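Protein chains: 2
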Amino acid sequence: MARQQVAAAVAATLAAVAAVSAILAGEVYRRRCRRLATRVRELEASLAAAADKTAAERRGRVRAQQSLRSALSEKESSSDDKKKKKHTKAFPMASIGVVQSCFSTRNGTPRQPLVVPLARATVVLDPSRVPAEALEGLSDYSHCWILYVFHLNTDLDKMWNDPARSKLKAKVRVPRLKGGKMGVLATRSPHRPNPIGLSVAKVEAVDGHSILLSGVDLVDGTPVLDIKPYLPYSDGVIGAAIPNWLEVDGALAVESIHFSEHFISTLSDCWMHVQKQSLYASADEFRNLVKEVLSWDIRSLSQRIRPHEVTIKDDAHNGGSKIHNGHSNDEDHQSVDPSTSVVYHLHLDGIDVSYRIDQDSNIVVENAALLSSAVNQHRYSYLTWREKVVTL
Amino acid sequence: MARQQVAAAVAATLAAVAAVSAILAGEVYRRRCRRLATRVRELEASLAAAADKTAAERRGRVRAQQSLRSALSEKESSSDDKKKKKHTKAFPMASIGVVQSCFSTRNGTPRQPLVVPLARATVVLDPSRVPAEALEGLSDYSHCWILYVFHLNTDLDKMWNDPARSKLKAKVRVPRLKGGKMGVLATRSPHRPNPIGLSVAKVEAVDGHSILLSGVDLVDGTPVLDIKPYLPYSDGVIGAAIPNWLEVDGALAVESIHFSEHFISTLSDCWMHVQKQSLYASADEFRNLVKEVLSWDIRSLSQRIRPHEVTIKDDAHNGGSKIHNGHSNDEDHQSVDPSTSVVYHLHLDGIDVSYRIDQDSNIVVENAALLSSAVNQHRYSYLTWREKVVTL
Numbered sequence: 001m002a003r004q005q006v007a008a009a010v011a012a013t014l015a016a017v018a019a020v021s022a023i024l025a026g027e028v029y030r031r032r033c034r035r036l037a038t039r040v041r042e043l044e045a046s047l048a049a050a051a052d053k054t055a056a057e058r059r060g061r062v063r064a065q066q067s068l069r070s071a072l073s074e075k076e077s078s079s080d081d082k083k084k085k086k087h088t089k090a091f092p093m094a095s096i097g098v099v100q101s102c103f104s105t106r107n108g109t110p111r112q113p114l115v116v117p118l119a120r121a122t123v124v125l126d127p128s129r130v131p132a133e134a135l136e137g138l139s140d141y142s143h144c145w146i147l148y149v150f151h152l153n154t155d156l157d158k159m160w161n162d163p164a165r166s167k168l169k170a171k172v173r174v175p176r177l178k179g180g181k182m183g184v185l186a187t188r189s190p191h192r193p194n195p196i197g198l199s200v201a202k203v204e205a206v207d208g209h210s211i212l213l214s215g216v217d218l219v220d221g222t223p224v225l226d227i228k229p230y231l232p233y234s235d236g237v238i239g240a241a242i243p244n245w246l247e248v249d250g251a252l253a254v255e256s257i258h259f260s261e262h263f264i265s266t267l268s269d270c271w272m273h274v275q276k277q278s279l280y281a282s283a284d285e286f287r288n289l290v291k292e293v294l295s296w297d298i299r300s301l302s303q304r305i306r307p308h309e310v311t312i313k314d315d316a317h318n319g320g321s322k323i324h325n326g327h328s329n330d331e332d333h334q335s336v337d338p339s340t341s342v343v344y345h346l347h348l349d350g351i352d353v354s355y356r357i358d359q360d361s362n363i364v365v366e367n368a369a370l371l372s373s374a375v376n377q378h379r380y381s382y383l384t385w386r387e388k389v390v391t392l
Numbered sequence: 001m002a003r004q005q006v007a008a009a010v011a012a013t014l015a016a017v018a019a020v021s022a023i024l025a026g027e028v029y030r031r032r033c034r035r036l037a038t039r040v041r042e043l044e045a046s047l048a049a050a051a052d053k054t055a056a057e058r059r060g061r062v063r064a065q066q067s068l069r070s071a072l073s074e075k076e077s078s079s080d081d082k083k084k085k086k087h088t089k090a091f092p093m094a095s096i097g098v099v100q101s102c103f104s105t106r107n108g109t110p111r112q113p114l115v116v117p118l119a120r121a122t123v124v125l126d127p128s129r130v131p132a133e134a135l136e137g138l139s140d141y142s143h144c145w146i147l148y149v150f151h152l153n154t155d156l157d158k159m160w161n162d163p164a165r166s167k168l169k170a171k172v173r174v175p176r177l178k179g180g181k182m183g184v185l186a187t188r189s190p191h192r193p194n195p196i197g198l199s200v201a202k203v204e205a206v207d208g209h210s211i212l213l214s215g216v217d218l219v220d221g222t223p224v225l226d227i228k229p230y231l232p233y234s235d236g237v238i239g240a241a242i243p244n245w246l247e248v249d250g251a252l253a254v255e256s257i258h259f260s261e262h263f264i265s266t267l268s269d270c271w272m273h274v275q276k277q278s279l280y281a282s283a284d285e286f287r288n289l290v291k292e293v294l295s296w297d298i299r300s301l302s303q304r305i306r307p308h309e310v311t312i313k314d315d316a317h318n319g320g321s322k323i324h325n326g327h328s329n330d331e332d333h334q335s336v337d338p339s340t341s342v343v344y345h346l347h348l349d350g351i352d353v354s355y356r357i358d359q360d361s362n363i364v365v366e367n368a369a370l371l372s373s374a375v376n377q378h379r380y381s382y383l384t385w386r387e388k389v390v391t392l
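Just so you know, the sequences run in chain order A and B. Using full-length UniProt numbering, the first residue of the first sequence is number 1, and each one after it goes up by one. Using full-length UniProt numbering, the first residue of the second sequence is number 1, and each one after it goes up by one.
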């Protein structure tokens with residue numbers, strides 16, 4: 001009897017143990033399931049997110065490729081959506097060369113061509129775009145047109161990357177009107193619907209891929225779109241009339257220009273470094289260039305009105321000049337006229353020329369300093385230049 | 001005693017049942033775990049795939065946007081790969097308006113501006129690109145420049161879709177040289193590195209978004225890139241010299257122009273239909289336009305040399321005219337001179353004007369016919385025109 005009892009008890013115990021362990025094992029799996037289920041939910045969520053991301057990237061890619069196509073190709077789209085076509089209609093004009101000019105920056109670059117006869121520049125064409133034969137016969141003309149891009153306009157990126165949202169200024173201030181405004185297409189302002197510039201220049205010589213010019217109003221580095229010969233019988237309009245507000249000529253003429261001793265000496269120091277790559281024969285010829293450039297008040301309107309403001313709007317391609325205030329040297333303390341305490345800077349052919357101008361438009365040129373950019377420039381020197389010009 | 005045995009047995013049984021059920025439940029969870037684990041592996045795999053896909057799309061988008069930027073923006077790319085930069089350097093110039101000209105086709109469009117004073121055109125600006133205020137002040141100038149696209153050049157697509165492979169003709173034949181060639185940049189040929197045209201015109205009036213011009217050499221439908229005022233003090237170069245081969249003026253002058261009775265009568269028939277949308281006051285004024293246009297031999301060189309060839313190269317933007325041979329009418333049989341048996345066609349303001357020219361440059365204008373394109377054209381009529389011009 002006792003044995004049976006023991007056996008039954010053992011069986012019960014074993015069974016209980018088995019049950020408990022089974023339950024424990026089940027519990028382990030249950031927890032693991034919960035973890036896995038959570039992971040599954042997480043993964044499904046991130047998969048959905050990834051799909052959205054991919055779609056977004058694809059949309060971006062397609063958009064970019066479409067704008068690229070519409071920008072690069074001028075081919076008529078088969079779409080009848082005229083409106084759309086109108087907005088995507090862009091003609092890709094490629095630079096055929098670049099201007100190497102005596103005007104290192106916009107500051108002091110004349111507002112019109114031929115007013116500074118000594119203003120020299122070389123248009124160096126890109127041989128991969130234009131063979132040298134394309135220039136054959138150009139040197140038989142005294143003048144040519146340069147069509148170029150106002151590449152220093154600060155609004156170019158916006159204009160070209162987001163034309164829809166870039167707002168064109170319909171009216172612009174004109175120097176001659178002392179701040180008065182005109183319709184942009186009634187001016188030669190650089191801020192135009194298409195930033196294309198048109199300037200005439202004197203053809204001095206043609207040398208291979210390069211055109212040597214004088215009387216330019218082009219800033220160094222300007223991309224060139226086209227060169228056309230000047231045809232007096234069609235380009236020179238006899239008796240062309242202009243509005244009265246333009247008649248007032250010499251409005252910006254300067255009263256006098258004086259070169260200080262300090263300028264003369266500092267210029268001759270600079271000359272040692274720049275003469276090899278200068279477009280000018282001597283320090284004296286360079287000084288004549290400075291004289292020609294400064295003979296018109298090259299300051300922007302805001303500078304003339306408020307000579308003390310250091311930060312000024314200066315996003316015009318031509319005209320305007322940087323102001324460095326507190327740039328003190330001897331002369332600073334001799335003068336009491338506040339306007340003369342402002343030193344203006346002019347960058348010509350790699351030389352920084354600083355000057356002052358008083359309220360009666362009398363200019364004192366004070367200092368010449370070497371621009372770092374001037375050193376080791378590889379460009380036409382006067383020697384090459386004269387040689388080419390003489391061979392004409 | 002018996003009770004104890006029963007109890008133990010029951011306990012054992014219950015425990016066993018519990019154990020079995022627990023084991024079964026565990027089994028269920030084990031299987032579910034296996035399923036979930038598999039799902040997790042699947043999800044992880046597709047997530048990795050999705051990540052790759054997103055990365056690929058992103059690379060594509062970035063590539064496209066970069067080329068777009070290098071094409072649209074003029075900003076120097078930091079890349080040192082100058083060669084690549086050079087080739088992707090394009091400035092997208094968008095049309096700001098279109099020319100509505102009396103010259104329905106290139107045929108007869110003058111080779112230079114102002115030689116045909118009666119040549120009228122309207123530049124209609126796109127309001128979405130240029131607000132009307134942008135034209136404020138333009139009517140105070142007597143003349144303006146029109147910068148435009150030589151949109152009828154047959155090589156534009158190749159030039160813009162595959163610039164690398166489109167070959168620029170470095171030298172072009174010039175009419176004045178009777179087939180002699182010149183460097184393209186020494187001519188005003190429409191086939192230039194960048195197909196930008198430059199023409200001066202007389203400003204008759206400005207009316208909202210439209211500029212009424214005369215003396216134009218622009219063909220109907222020409223896309224306009226820019227309008228600039230003509231500034232005599234900088235655009236009119238005094239004493240500009242041109243090569244000898246251009247000095248021979250009047251080289252293409254016509255000896256005489258005779259209007260046949262048949263032309264007069266057919267013209268008056270046409271006039272009934274076109275007068276409402278014509279830029280001219282009367283059939284007589286239109287005849288004067290024809291006279292001005294034909295006073296210079298407008299035929300292409302190949303036509304002048306070989307008047308019998310029916311198919312002729314005619315991809316110049318200006319000049320050249322279609323030949324319709326065997327187009328016989330009464331006069332055909334009166335003449336024996338072979339050259340006069342060729343009938344040339346001139347399309348002006350929606351009217352097809354046909355004429356003959358003999359070897360001594362005597363012209364007989366024979367017939368006027370309505371061009372289908374002329375009907376229901378919505379454009380400036382002379383009535384609007386005169387009204388606007390008078391209000392100046």
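Idealized CB from N, CA, C, for every residue including glycine. Computed from a prediction, not measured in an experiment: that's the story for all the values here.
Handout entry: Whole-angstrom distance between S142 of chain A and N362 of chain B, CA atom to CA atom
Key = 36 Å
Exercise for the section: For the alpha helix (DSSP H) containing N244 of chain A, list its first residue and its last residue. Expected result: N244 to E247
Practice task
Find the residues of chain A that neighbour K276 of chain B, judging by a C-beta separation of less than 7 Å, and give them in chain order.
Solution key: Simply none; closest approach about 24 Å.
Handout entry: Per-residue DSSP class, three states only, for L346 of chain A
Key = strand
Practice task
Note down, in chain order, every chain B residue with its Cβ under 7 Å from the Cβ of I23 of chain A.
Solution key: A22
Practice task
Taking C-beta pairs closer than 7 Å, name the residues in chain A that K53 of chain B reaches, listed in chain order.
Solution key: T54
Exercise for the section: Could you tell me the distance, in whole angstroms, from the CA atom of Q100 of chain A to the CA atom of G239 of chain A? Expected result: 34 Å
Practice task
Would you list the residues sitting across from R356 of chain B in a DSSP beta bridge?
Solution key: B:V364
Problem - DSSP-derived helix/strand/coil call for Y29 of chain B - result: helix
Practice task
Buried or exposed for E57 of chain B, please, with buried defined as at least 16 other CB atoms from any protein chain shown within 10 angstroms of its CB.
Solution key: buried
Exercise for the section: Report whether the distance from the Cβ of D155 of chain A to the nearest heavy atom of the ligand MG is below 7 Å. Expected result: As far as ligands go, the structure on display features none, and thus does not contain the ligand MG.
Problem - Every unbroken alpha helix (DSSP H) inside the region 255-299 of chain A [4 residues or more] - result: 261-274 and 283-294
Practice task
Would you decide whether T154 of chain B is buried or exposed? Buried here means 16 or more other CB atoms lie within 10 Å of its CB.
Solution key: exposed
Practice task
Check the Cβ of E204 of chain B against every Cβ in chain A and list those closer than 9 Å, keeping chain order.
Solution key: By Cβ distance, chain A contributes nothing, its closest Cβ being about 13 Å from E204 of chain B, past 9 Å.
Practice task
Compare the C-beta of L213 of chain A against all C-beta atoms of chain B and say whether one is closer than 8 Å.
Solution key: no
Exercise for the section: Taking only beta-carbon positions, decide if Y29 of chain A is within less than 8 Å of chain B. Expected result: yes
Handout entry: Spatial neighbours of C270 of chain A in its chain, beta-carbon cut-off 6 Å, leaving aside the 5 residues before and after
Key = I351, A368 and L370
Problem - alpha helix (DSSP H) segment containing Y141 of chain A, residue limits - result: Premise fails: Y141 of chain A is in no alpha helix (DSSP H) and is neither H nor E.
Handout entry: Neighbour flag for Q5 of chain B against chain A, beta carbons, 8 Å
Key = yes
Practice task
Please say whether V365 of chain B and V290 of chain B have beta carbons closer to each other than 8 Å?
Solution key: yes
Problem - Beta-ladder partner(s) of K228 of chain B, from DSSP - result: B:W145
Problem - Span of the alpha helix (DSSP H) around L212 of chain A - result: That residue, L212 of chain A, is in no alpha helix (DSSP H); its beta strand (DSSP E) goes S210 to S214.
Exercise for the section: Spell out the partners DSSP gives F150 of chain B in its beta bridges. Expected result: Answer by DSSP bridge pairing: none, since F150 of chain B is not bridged.
Practice task
Have a look at B:A119, B:E204 and B:Q65 and flag the residue whose alpha-carbon is nearest the alpha-carbon of S278 of chain B.
Solution key: B:A119
Exercise for the section: Kindly say whether A11 of chain B, judged by its beta-carbon, lies nearer than 8 Å to any beta-carbon of chain A. Expected result: yes
Handout entry: Per-residue contacts from K171 of chain B into chain A (C-beta, under 7 Å)
Key = E133 and E136
Handout entry: Cβ shell of Q4 of chain A (< 8 Å), same chain only, five flanking positions each side left out
Key = none
Practice task
Between the Cα of A90 of chain A and those of A:P193, A:L294 and A:L252, spot the shortest distance and give me the residue it belongs to.
Solution key: A:P193
Problem - Chain-ordered residues of the region 92-111 of chain B with a beta carbon less than 7 Å from chain A - result: P92, M93, A94, S95 and I96
Practice task
Excluding the 5 residues preceding and the 5 following H327 of chain A in the sequence, name in chain order all residues of the same chain whose CB lies nearer than 6 Å to its CB.
Solution key: For H327 of chain A, the predicted structure reports a pLDDT of 36, less than 50, and the residue's modelled location is therefore unreliable. A value from the coordinates is still provided. Closer than 6 Å at Cβ, skipping near neighbours: V343.
Handout entry: Closer than 8 Å at the beta carbon, the chain B residues around T222 of chain A
Key = Those do not exist, as T222 of chain A stays about 11 Å from chain B at its closest Cβ, beyond 8 Å.
Practice task
Identify the contact partners of S228 of chain B in chain A, using a Cβ-Cβ distance below 7 Å as the criterion.
Solution key: Reading off the sequence shown, one finds Lys at residue 228 of chain B, where the question assumed Ser. Within 7 Å Cβ-Cβ: R188 and L198.
Handout entry: Delimiting residues of the alpha helix (DSSP H) encompassing K158 of chain A
Key = L156 to N161
Handout entry: Cross-chain neighbours of W145 of chain B in chain A, by beta carbon under 9 Å
Key = L198
Problem - Terminal residues of the beta strand (DSSP E) in which A253 of chain A lies - result: Premise fails: A253 of chain A is in no beta strand (DSSP E) and is neither H nor E.
Practice task
Kindly indicate if chain B contains any beta-carbon less than 8 Å away from that of V237 of chain A.
Solution key: yes
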